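The block underneath contains the structure these notes are about, expressed in structure tokens.
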Amino acid sequence: MRTRDDLKKMSDTALLALLMWGEARGEGEEGMRAVGHVVLNRVGRPGWWGRNLNEVCLKKWQFSCFNPDDPNLPKLLALDLKSPTPEFADTIGLAGDILAGVSQDPTGGATSYISTSCKPIPKWATPDTFIKQIGRQLFYRAG
């Protein structure tokens, strides 16, 4: 079984697929694509979030599925990247499409998102930074 430290050594496609799966697998293809584009939008604005995909994905407390205490983390670390389930194989393909630039950004340039069930609403999630809702996720251009 991999450890959290192994995430730093993964390919961009594998890491992005794990993040999309961990953050949005219950949101279907559009929700996972949206989360993947949030990551790419952050990479496109290097700075506080990080300067490359690895730094952005693994920035402390940014994506809950990679938090040490998140119940999703052991599930993600146990996924078989060489012989993935059909559903996760689709996610790997989707991540590859996002990184290759052949997937349109459904978020309109969002750099952050929260679940509709998130309470309390973070201070950065203001009406003037709100872009759109996709499924049970609210997307913002923040930071």
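Under the numbering used here, think of the first position of the sequence shown as 696, with each following residue one higher.
Even glycine gets a Cβ: it sits at the ideal position worked out from N, Cα and C.
Since we're looking at a predicted model, the values are computed, not measured.
Out of L713, L710, N762, D800, state which residue places its alpha-carbon closest to the alpha-carbon of E725. As a working note, residue 725 is residue 30 in the sequence shown. With respect to the C-alpha of E725, the residue from L713, L710, N762, D800 having the closest C-alpha is D800.
Classify F842 as helix, strand or coil using the three-state DSSP reduction. The structure shown does not extend to residue 842, since the chain is modelled only from 696 to 838, so the question has no answer here.
Helix, strand or coil at I675 according to DSSP, with G and I counted as helix: Outside the displayed span of the chain (696 to 838) sits residue 675, for which this structure offers no information.
Backbone secondary structure at I826 - three-state DSSP: By one-based count along the sequence shown, residue 826 stands at place 131. When DSSP states are grouped into helix, strand and coil, I826 belongs to the strand group.
Is the beta carbon of I809 sitting closer than 7 Å to the one on A820? For the purposes of this step, residue 809 is identified with residue 114 of the sequence shown, where counting begins at 1. For the purposes of this step, residue 820 is identified with residue 125 of the sequence shown, where counting begins at 1. Contact flag set, yes.
How would you call E782, buried or exposed, if buried means at least 16 neighbouring beta carbons within 10 angstroms? Residue numbering aside, residue 782 sits at position 87 when the sequence shown is read from its first letter. So E782 counts as exposed.
N- and C-terminal bounds of the alpha helix (DSSP H) containing L772: Indexing the sequence shown from 1 puts residue 772 at position 77. Segment 767-773, the alpha helix (DSSP H) holding L772.
Could you check which residue in L710, L789, D823 has the C-alpha nearest to that of N747? Stepping through the sequence shown from its first residue, residue 747 is reached at position 52. With distances taken between Cα atoms, N747 lies closest to L710.
What number of angstroms, rounded off, separates the C-alpha of K703 from the C-alpha of G804? For the purposes of this step, residue 703 is taken as residue 8 along the sequence shown, with counting starting at 1. For the purposes of this step, residue 804 is taken as residue 109 along the sequence shown, with counting starting at 1. Their Cα atoms are separated by approximately 26 Å.
Distance, G739 Cα to K827 Cα: Your numbering for residue 827 matches position 132 in the sequence shown. Your numbering for residue 739 matches position 44 in the sequence shown. Each residue's Cα considered, the two are about 20 Å apart.
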